[in-house]
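Worksheet: the structure to be examined is printed underneath.
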Amino acid sequence: GGVDISLAIKVGVQYSLWGGSVINLGTKKHKEKYFDKIDNLEYPGCFAMTELHHGSNVQALQTTATFDPVTDEFIIDTPNDGAIKWWIGNAALHGKFATVFARLILPLQGKGGEPADMGIHAFIVPIRDLETHAVLPGIEINDCGHKIGLNGVDNGALRFRSVRIPRDNLLNRFGDVARDGKYTSSLPTINRRFAATLGELVGGRVGLAYSSVGVLKVAVTIAVRYALLRQQFGPPKEPEISVLDYQSHQHKLMPMLASAYAFHFARAYLVDMYSEMKKTNDEDVTADVHVLSSGLKSYITSYTAKSISICRESCGGHGYAAVNRFGGLRNDHDIFQTFEGDNTVLLQQVAGDLLKQYQQKFKGGTLSVTWNYLRDSMGTYLSQPNPVTARWEGEDHLRDPKFQLDAFRYRTSRLLHSVAARLQKHMKTLGGFGAWNRCLNHLLTLAESHIESVILARFIEAVKRYSFCAVT
Ligand SMILES: Cc1cc2nc3c(=O)[nH]c(=O)nc-3n(C[C@H](O)[C@H](O)[C@H](O)COP(=O)(O)OP(=O)(O)OC[C@H]3O[C@@H](n4cnc5c(N)ncnc54)[C@H](O)[C@@H]3O)c2cc1C
């Protein structure tokens with residue numbers, strides 16, 4: 001990603017999205033058939049979830065996969081223009097397969113013999129001939145056109161007209177259809193299956209948070225180096241000074257440099273948690289990784305997007321020369337804020353989880369690993385006066401990492417407590433959806449505040465670890 005973000009995204013689509021969906025949503029038979037050929041690029045593929053009319057609201061997707069018990073196949077259809085799969089990476093040029101997210105329809109199995117809609121499932125659909133690379137019958141593929149950035153990625157639109165695929169192509173880890181058309185699942189409801197399906201796709205968000213930190217490092221390095229070399233003005237009759245010696249310049253660049261370090265450690269923590277989740281399948285760790293990856297992806301990519309512009313501006317006119325990379329970095333990275341989950345939507349998942357934990361806490365439940373601090377904070381901080389105003393103002397105290405972390409956590413606790421009370425109040429008149437919307441900015445601030453405290457905690461821990469190494 002530090003060299004060419006399009007390349008990172010192409011690789012991400014192939015291995016994390018296409019490969020990840022087959023491995024994580026499929027079962028042994030899929031792994032045996034596809035893994036090696038995905039791995040060695042013999043089977044380039046796509047991840048076809050988003051439609052023209054629905055991106056964030058995945059549960060509202062309209063593509064259908066109807067089971068045909070006579071031929072033992074699924075029939076994939078795009079029922080209207082709004083259901084055309086859109087923005088699909090690797091579709092316009094290279095993909096030979098697509099994991100298509102569609103509503104599973106079982107004829108005659110609904111109430112009164114109506115078709116039963118079993119919700120969103122994932123299917124492997126071949127889209128191009130393995131030998132000739134020609135687009136297969138019933139499939140229409142178009143390029144989504146020139147983009148603001150990432151033009152090394154071939155995003156395409158896919159339409160399906162009665163495309164038949166074998167029953168085996170259903171990625172059946174969370175729900176299966178037998179030869180006689182009977183549906184089985186270890187999970188009892190459509191919502192639980194949907195959550196489990198999306199939960200398996202967190203790897204993409206982990207990857208984006210990770211590479212966004214890489215982009216931030218590149219931009220900040222260019223800007224800091226330039227700021228040291230570039231000289232402008234100075235005291236009368238003396239040599240000009242480096243622009244980094246201006247207080248304003250330090251205020252622009254140094255927080256970004258510090259954040260790049262802090263994010264570096266936070267992302268390492270996220271990757272560790274992700275590998276633990278993959279190894280153990282522990283439910284608590286999985287829930288944690290889901291929320292942590294949403295929060296960090298969202299927070300870091302928004303921060304990096306804003307920072308690239310500040311870095312460009314910090315290099316003056318030379319920052320605008322394409323050769324100095326800020327334009328490319330900014331345009332290629334900008335979409336990190338939207339794909340793999342829009343940042344505003346993801347932050348709401350963080351807020352939702354905090355509220356859930358808050359409720360459980362009051363019902364005597366336990367808190368999951370990342371949220372553990374809330375156990376102390378809700379018990380302790382809320383009963384205490386504000387730690388920022390009530391304690392000393394000495395430099396030692398203000399610079400003490402423990403105090404700083406306390407202050408961050410106190411802020412989250414207050415936000416959590418106050419938004420819970422507001423939601424409860426508005427719920428009575430506005431209902432759940434209306435109350436949530438009335439408090440939306442409050443909820444987003446809560447989510448960001450929580451993520452900042454997680455990042456700070458990881459940073460303090462790393463500083464302690466490395467200063468200990470330096471001393472010993
Ligand atoms: C270059 C590129 C590559 C992509 N690659 C793929 C791919 O390979 N496969 C794939 O399936 N998809 C892909 N996508 C699609 C991408 O995942 C979606 O664009 C993304 O999920 C956002 O959905 P949307 O575009 O429908 O935005 P919308 O959901 O329509 O969002 C529009 C605006 O509304 C706001 N909004 C929406 N819902 C809420 C809410 N509940 N509360 C508050 N605000 C809200 C959002 O914050 C946003 O600002 C790609 C997109 C691009 C541009």
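The opening position of the sequence shown corresponds to residue 1 in this note's numbering, with each subsequent residue numbered one higher. Note that the Cβ used here is the ideal one computed from N, Cα and C, for glycine as well. Everything numeric in this text was worked out from a predicted model, so none of it was measured.
Q) DSSP on G119, reduced to helix/strand/coil? A) Here residue 119 corresponds to residue number 119 of the sequence shown, with the count starting at 1. Correct three-state label for G119: strand.
Q. Apart from the five residues just before and just after D129, which ones in its own chain have a Cβ nearer than 7 Å to its Cβ?
A. Position 129 of the sequence shown, counted from the first residue, corresponds to residue 129. L136, listed in sequence order.
Q: Look at the Cβ atom of P107, then the Cβ atom of T63, and state whether they are nearer than 8 Å.
A: Reading the sequence shown from its first residue, position 107 is the one you call residue 107. Reading the sequence shown from its first residue, position 63 is the one you call residue 63. No, Cβ-Cβ distance for P107 and T63 is not below 8 Å.
Q. Under the criterion of a Cβ to heavy atom distance below 7 Å, does C439 qualify as lining ligand 1?
A. Reading the sequence shown from its first residue, position 439 is the one you call residue 439. No.
Q.
Looking at the strands, I want to know which residues DSSP matches up with I141.
A. On the sequence shown, position 141 is the one that residue 141 refers to. Paired residue(s): L158.
Q | DSSP-derived helix/strand/coil call for L170 | A | Counted from its first residue, the sequence shown places residue 170 at position 170. Three-state DSSP puts L170 in a strand.
Q: Could you please give me the residues that DSSP links to T66 through a beta bridge?
A: Position 66 of the sequence shown, counting from 1, holds the residue named residue 66. Partner(s): I75 and I105.
Q: From the DSSP output, read off the bridge partner residues of D176.
A: Counted from its first residue, the sequence shown places residue 176 at position 176. Paired residues: T184.
Q. In this structure, what does DSSP give as the bridge partners for A48?
A. Working through the sequence shown from its first residue, we reach residue 48 at position 48. V100, per the DSSP bridge assignment.
Q. Three-state secondary structure (DSSP) at W86?
A. As a position in the sequence shown, residue 86 is number 86, starting the count at 1. Of the three classes helix, strand and coil, the one that applies to W86 here is strand, per DSSP.
**Q.** Spatial distance of L88 from L201 (CA atoms)
**A.** As a working note, residue 88 is residue 88 in the sequence shown. As a working note, residue 201 is residue 201 in the sequence shown. Correcting the residue identity first, residue 88 is Ile in this sequence and not Leu. Approximately 16 Å between the Cα atoms of the pair.
(Q) Check whether the segment 164–175 and the segment 292–304 are in contact - that is, three or more C-beta pairs closer than 8 Å. (A) no
Q) Within 7 Å: the Cβ of W392 and any heavy atom of ligand 1? A) As a first step, residue 392 must be located in the sequence shown, where it is residue number 392. Because no heavy atom of ligand 1 lies under 7 Å away, the Cβ of W392 does not count as near it: no.
Q.
With three or more C-beta pairs closer than 8 Å as the rule, is the segment 341–349 touching the segment 438–451?
A. yes
Q: Can you tell me the Cβ-Cβ gap for L405 and S467, rounded? I've got them flagged as a contact below 8 Å.
A: Residue numbering aside, residue 405 sits at position 405 when the sequence shown is read from its first letter. Residue numbering aside, residue 467 sits at position 467 when the sequence shown is read from its first letter. With 8 Å as the limit, L405 and S467 do not qualify as a contact, their Cβ atoms being about 16 Å apart.
Q.
At a cut-off of 7 Å, would you count D68 as near ligand 1, judging by its Cβ distance to the nearest heavy atom?
A. The residue given as residue 68 occupies position 68 in the sequence shown. Not under cutoff, so the answer is no.
(Q) According to DSSP, simplified to helix, strand and coil, what is R128? (A) For the purposes of this step, residue 128 is taken as the residue at position 128 of the sequence shown. In this structure, R128 counts as strand in the three-state DSSP scheme.
Q. Three or more C-beta pairs closer than 8 Å, one from the segment 178–187 and one from the segment 267–282: is that the case here?
A. no
**Q.** Inter-residue spacing [alpha-carbon to alpha-carbon] between G20 and G119
**A.** Reading the sequence shown from its first residue, position 20 is the one you call residue 20. Reading the sequence shown from its first residue, position 119 is the one you call residue 119. Roughly 21 Å between the two C-alpha positions.
(Q) Can you tell me which residues form a DSSP beta bridge with S242? (A) Position 242 of the sequence shown, counted from the start, is the residue given in the question as residue 242. Beta-bridge pairing links S242 to Q231.
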